[in-house]
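So in numbering that gives the first Met the number 0, spot 179 of the sequence shown is number 178, and the numbers just go up one at a time. Think of the CB as a built atom: it goes at the ideal place given N, C-alpha and C, for glycine as much as any other residue.
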Amino acid sequence: MPARTIVYFDGFNLYHAVDALGQPHLKWLDLWSLSEKLLRGDQQLVAVKYFTAYATWRPASYRRHQRYVAALEAQGVTPIIGRFKAKTVRCHAKCRQTYVTHEEKETDVNIGVHLMADALKDRFDRALIISADTDLNSAVTLTRAEAPNKRIDLVAPPGRMSRNSAALFEITKGKLRGSLLPAQVQYSDSRVIVRPVEYDPPAS
């Protein structure tokens with residue numbers, strides 16, 4: 000029997016890695032298709048989970064993100080939405096002014112608890128966690144200890160291999176280019192998700 004595999008995406012960790020490539024069209028990424036490309040022939044993809052949060056204070060970005068999440072859902076991806084917490088910070092320079100910033104909350108915890116629950120409920124034989132965030136290493140270590148018959152690997156987003164020595168390998172730009180969503184995604188009988196113009200591929 001093929002090894003049942005679940006792939007867990009740390010959404011913002013992947014987003015910032017792709018953003019650093021300077022090719023915005025790669026952000027319109029089909030995470031189910033990409034996940035299939037990360038598997039070996041003796042593995043079967045049974046679920047893809049996408050962990051993220053909405054930047055609701057940035058209307059244009061928020062709308063694009065909602066559209067992207069809907070497109071992923073249409074491909075079979077399960078989104079798990081966390082939140083941002085507003086945080087007041089004081090400038091350490093001479094001005095001593097305060098300003099509000101936003102801090103992503105819950106994503107690391109959500110990935111950890113889903114990983115542990117899925118392992119203990121025997122929902123996978125192998126798990127891939129797409130992130131270079133070292134904060135996830137302890138969740139991986141604990142889950143391996145509690146479910147020693149499960150194989151769990153960290154996979155680095157493109158250009159992020161050096162940030163987490165625990166990563167098994169790094170996703171290549173070629174795999175990203177071969178895993179893009181189409182310009183239009185059928186969400187339901189009456190709804191079509193149209194790719195944002197910001198993610199249109201460059202003219203050939």
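Contact check, residue i vs residue j, beta carbons under 8 Å
i	j	result
Trp27	Leu175	no
Gln43	Arg3	yes
Leu153	Ile170	no
Exposure label - residue i; buried when at least 16 CB within 10 Å
i	result
Val6	buried
Phe168	exposed
Ser187	exposed
Thr51	buried
Gly21	exposed
Leu119	exposed
Tyr198	buried
Arg159	buried
Arg194	buried
Ser130	buried
Val47	buried
Tyr67	buried
Ala19	exposed
Per-residue DSSP class, three states only, for residue i
i	result
Gln185	strand
Gln65	helix
Val76	coil
His101	Model confidence at His101 stands at a pLDDT of 49, short of 50, so the residue's coordinates are unreliable; what they give is reported in the following sentence. Residue state, collapsed to three classes: strand.
Lys48	strand
Phe123	coil
Ala16	helix
Arg143	helix
Ala59	helix
Tyr7	strand
Ile170	coil
Whole-angstrom distance between residue j and residue i, CA atom to CA atom
i	j	result
Ser189	Gln65	17 Å
Thr106	Ile80	8 Å
Asp157	Leu37	Residue identity differs from the one stated: residue 157 is Pro in this sequence, not Asp. Roughly 13 Å between the two C-alpha positions.
Ser161	Thr133	11 Å
Asn136	Ala69	29 Å
Gln74	Gly177	15 Å
Glu35	Pro200	22 Å
Trp56	Gly40	43 Å
Arg150	Phe11	24 Å
Ala166	Ala182	32 Å
Met115	Pro1	21 Å
Phe8	Gln96	37 Å
Spatially closest choice to residue i from the options, by CA coordinates
i	options	result
Thr142	Asp117, Ala165, Lys48	Asp117
Asn148	Arg125, Ser203, Val47, Ser130	Arg125
Ala202	His24, Pro1, Asp18, Val17	His24
Asp29	Val184, Thr140, His113	Val184
Val108	Phe123, Val139, Asp121, Arg122	Val139
CB contact below 8 Å: residue i versus chain D
i	result
Ala118	Of the protein chains in this structure there is only one, and it is not chain D.
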